[in-house]
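Please read the structure below before turning to the comments.
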Amino acid sequence: MHVADQFENVRELLLVRIGEITLKGLNRGRFVARLISNMKRRINDLGEFSIVQSHSRIWIHALSGNPPMQEVARRLSSVFGIVSISPAIEFESDWEILVRVVEEYATDVLAGAGRRTFKFETKRVDKSFPLSSYEVSSELGAILLEKFPEQLSVLMHEPDLTFHVEIREKTYIYHETIPGHAGLPVGMSGRGMLLLSGGIDSPVAGYMMASRGMILEAIYFHTFPYTSQKALDKVEKLARILSRFAGRIAFHVVDFTDIQLELNDKVPEDMLTIVMRRVMMRVAEKLAIERNAKALITGESLGQVASQTAEALMTTDIVVDLPIFRPLIGMDKNDTVALARKIGTFETSILPYDDCCTVFVSKHPKTHPSLYDAERAEARIDVEAIVEMSCEKISTKLIDLTFEEGD
Amino acid sequence: MLPEVLAVYVGLLGESGNNPASTHAGGLRALSHLDDAKRMISRCLDCSVDEIVFTSGGTESINLALLGSAAAIGRRPKCALATTGEHDAVIETMKALSEKYDFDIDFVAVTHEGVVDRNALRSALDEAPCGLASFIVVSNETGAINDVSTLTSLVRQYSPEAIIHGDIVQVCGKMPFSFRQSGLDLASLSGHKFGAPKGTGVLLKRKNCPLSPIVYGGGQQNNLRSGTENVPGAYALALALQSHVMRMDEQREHVASLRSLFLRSIDALRIPRVVISPDGASPYVLSIAFPGIRGETLLNALSEENIYISTGSACGSKRAGENHVLSAMGHDRETILSAVRISFAPTQSTDDVEHLVRRIAELYDRYAMHGKRRGGARG
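Line by line, the protein sequences give chains L and V. Counting from 1, position 134 in the first sequence corresponds to residue 134 in this note's numbering; the numbering is continuous, with no gaps. Counting from 1, position 90 in the second sequence corresponds to residue 90 in this note's numbering; the numbering is continuous, with no gaps.
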């Protein structure tokens, strides 16, 4: 905004709406503190900010320098807990100043734009202000109509532009509302171990659990040369995209090839997928407990493929004690795809590099395996030793927030 | 790139003012390099110097040939024929002809041997005369060789006016080729396939063949391909082609012996295999499947050892198990999944081939699913 440069004592700020958190009772302070700390991490390289909660909102001012507030808003829009953000300007509550600022503000907004319909919405909290909210709106509307007769016309119902004026101790103007991803601040709901593959579903599942406040860690089973380096790079990229929402993610890669070879060798073909998944669950759980995670997270959706029938899920579920969160279990594939597109993982997920789930699919897998089938298939391998061996072959990398790639 | 070509190419890159359209000394020198390049190419491919258009590679040549013919089709029928064995560059350009220029496109079947099915071609031509036809002369996937003059005369029997294009990317420098005798009106080739830099190619165009440009500008190359000519690239292409053509028989014999050594050694080690390339195919490329191990698994494992083979076409980023040429030949998904493409080159030795076979044997034993080599002999 140029307005802030035109006047003294006019400052840019962001108004952040926080929705669900305001409903929290005695814990509210902890949620807000966590949210503010997550926000700071997301923007601290852009400048120094004051981030304060008041009147059910969070108010962000730049303390020094001249940070790009639009970029700050863009980054914050992916922080869970934030419902929406409005870039605004703040100045002294005074009618004369308000008129001059509004004229400049509208000039900025309308620069290069064609014809626009508009209205004012005024909220007067400071009742000592000499004009009522209605008077402020209609006076300011009249002033803009006179200044931009060619460009502006008034429309009360769904205009192109709504100029919001809030008169408190200071006065605020904004017209833009950037939607956030809502949810709860990451870090308020413990830690979850996401079984991340290269597909469409698991990144979405991770996003959903992080939106409920979980810190994410991800585990990927790498089976080179059955799966390529490109497949691993792709999964890492998915973790990187998730980190825009979930913050830092510990990314664990299990070198699973030798175990896979043993399974290929000893497990009947039609049970290979089920046994492989049972082993993966056990490895993920062992790592999860070591990392103090409270749950496993998968992208499974009931009936989607042979290994996701109720029976197949039961046979994999039963080998672990930690809860398995499956946020997509009842979701339609189209809705999952829509969400994947929204969070930006879809384009990466559909890159054609096979992961182990597609390479080691038997031609005719058992769709309704019984527990007996699974246990009998496992009788020929030393499960405990295999899990132990897998856990020794894990390398971990911290995937940190990145913003260099576009949305 | 061939070392002797690289040296000349780099030298030319360093020359200043090498725009053949300029009339200063640098420009004249560039023009004379371009003329020399054309002379070399004309001798190698038996064409005239004014039948040569320099492009950025096989794909551009094919696009110019097909899109440019379509725009100049005149009163010929707006019906184009190609085969199911074509490279993506032809298939996708044909689709564009159908979508943007309202052409009827017919993809004629190939046989199990990967060559054009002549009966299918006859009945397609019988059904509707075509204005434009395109054939791959040597398959990039299998090395299957189409007898180009038979195909062109067959097309002309039914559609005497048709414009006929040949994809000769896998031909140049590898087997004798005469543009004059081929019966083709247009032929596309790519420089990097025979040791010239990437980004170089040629379209051969018979003098009386109508063709519209697809790139407009300064009117270079008889207004067929505007844009300053890439003189170092064109010269390097000609030099590389000449170098291969001069040693063609000897190289072909060597490559053929490598290919048969490879197959003999694979069989000696009892590695299950399905040879997809037909008998009599070009020895430079071998399409072969090793049932039990995915092509991609083998590719990944070998690439760790700096041995590079391919699955499908290296150009695309396709899903495993998709290969339109092998499907068209009637191979099932399992065979396609386990297929690889191995390129043999004059620079390779029998030691290289024996090493490759040993590696394949070992990797097969380690990674093949649900099965080992018969007898399990260690290589």
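We treat Cβ as the ideally placed atom computed from N, Cα and C, and that holds for glycine.
Secondary structure of residue i, DSSP reduced to three states
i, result
"residue 370 of chain L", "coil"
"residue 125 of chain L", "coil"
"residue 232 of chain V", "helix"
"residue 242 of chain V", "helix"
"residue 310 of chain V", "strand"
"residue 193 of chain L", "strand"
"residue 56 of chain V", "coil"
"residue 143 of chain L", "helix"
"residue 353 of chain L", "coil"
"residue 120 of chain L", "strand"
"residue 210 of chain V", "coil"
"residue 224 of chain L", "coil"
"residue 171 of chain L", "strand"
"residue 340 of chain V", "strand"
"residue 132 of chain V", "strand"
"residue 31 of chain L", "helix"
"residue 120 of chain V", "helix"
"residue 309 of chain L", "coil"
"residue 270 of chain V", "coil"
"residue 225 of chain V", "coil"
"residue 184 of chain V", "coil"
Anticipated Cβ contact below 8 Å, residue i with residue j, distance rounded
i, j, result
"residue 387 of chain L", "residue 282 of chain L", "5 Å"
"residue 359 of chain V", "residue 305 of chain V", "7 Å"
"residue 195 of chain V", "residue 1 of chain V", "6 Å"
"residue 156 of chain V", "residue 185 of chain V", "Wrong, their Cβ atoms sit about 10 Å apart, outside the cutoff."
"residue 151 of chain L", "residue 115 of chain L", "6 Å"
"residue 328 of chain L", "residue 205 of chain L", "5 Å"
"residue 339 of chain V", "residue 287 of chain V", "6 Å"
"residue 148 of chain V", "residue 166 of chain V", "6 Å"
C-alpha distance - residue i paired with residue j, whole-angstrom precision
i, j, result
"residue 108 of chain V", "residue 142 of chain V", "17 Å"
"residue 343 of chain V", "residue 337 of chain V", "18 Å"
"residue 317 of chain L", "residue 309 of chain L", "12 Å"
"residue 14 of chain V", "residue 240 of chain V", "19 Å"
"residue 16 of chain V", "residue 254 of chain L", "55 Å"
"residue 136 of chain L", "residue 87 of chain L", "21 Å"
"residue 435 of chain L", "residue 210 of chain L", "Residue 435 of chain L lies beyond the range of chain L shown here (1 to 407); nothing can be said about it."
"residue 113 of chain L", "residue 40 of chain L", "34 Å"
"residue 296 of chain V", "residue 228 of chain L", "8 Å"
"residue 48 of chain V", "residue 369 of chain V", "55 Å"
"residue 61 of chain V", "residue 189 of chain V", "7 Å"
"residue 143 of chain L", "residue 126 of chain L", "23 Å"
"residue 338 of chain L", "residue 348 of chain L", "14 Å"
"residue 3 of chain L", "residue 181 of chain L", "29 Å"
"residue 8 of chain V", "residue 41 of chain V", "17 Å"
"residue 7 of chain L", "residue 172 of chain L", "14 Å"
"residue 315 of chain V", "residue 169 of chain V", "Its pLDDT being 44, under 50, residue 315 of chain V is placed unreliably by the model, and the measurement read from it follows with that caveat. Their backbone Cα atoms lie some 14 Å apart in a straight line."
"residue 397 of chain L", "residue 274 of chain V", "42 Å"
"residue 410 of chain L", "residue 212 of chain L", "Nothing can be reported for residue 410 of chain L, as the shown portion of chain L is limited to 1 through 407."
"residue 267 of chain V", "residue 361 of chain V", "10 Å"
Burial state of residue i (16 or more Cβ within 10 Å)
i, result
"residue 380 of chain L", "exposed"
"residue 134 of chain L", "exposed"
"residue 38 of chain V", "buried"
"residue 217 of chain L", "buried"
"residue 244 of chain V", "buried"
"residue 160 of chain V", "exposed"
"residue 94 of chain V", "buried"
"residue 90 of chain L", "buried"
"residue 271 of chain L", "buried"
"residue 222 of chain V", "exposed"
"residue 133 of chain V", "buried"
Beta-carbon neighbours of residue i, restricted to chain A and to distances below 8 Å
i, result
"residue 202 of chain L", "No chain A appears in the structure shown, which is made up of the protein chains L and V."
Quiz item: Does the count of Cβ pairs from the segment 46–56 of chain V and the segment 77–84 of chain V closer than 8 Å reach three?
Solution: no
Quiz item: Are the segment 315–322 of chain L and the segment 224–232 of chain L in contact at 8 Å, needing three or more beta carbon pairs?
Solution: no
Exercise. Check whether the segment 209–218 of chain V touches the segment 64–72 of chain V, taking contact to mean three or more Cβ pairs, one atom from each stretch, closer than 8 Å.
Key: yes
Practice problem: Take every Cβ of the segment 258–272 of chain V, pair it with every Cβ of the segment 232–240 of chain V, and state whether three or more of those distances are shorter than 8 Å. | Solution: no
Quiz item: Three or more beta-carbon pairs under 8 Å between the segment 367–379 of chain L and the segment 234–254 of chain L, yes or no?
Solution: Touching, no.
Quiz item: When the Cβ atoms of the segment 88–97 of chain V are set against those of the segment 327–341 of chain V, are three or more pairs found closer than 8 Å?
Solution: no
Quiz item: Do the segment 49–66 of chain L and the segment 7–22 of chain L meet, that is, are 3 or more Cβ pairs less than 8 Å apart?
Solution: yes
Quiz item: Can you find at least 3 beta carbon pairs, one from the segment 146–156 of chain V and one from the segment 220–232 of chain V, that sit closer than 8 Å?
Solution: no
Quiz item: Should the segment 91–100 of chain L be called in touch with the segment 33–47 of chain L, which here means at least 3 C-beta pairs below 8 Å?
Solution: no
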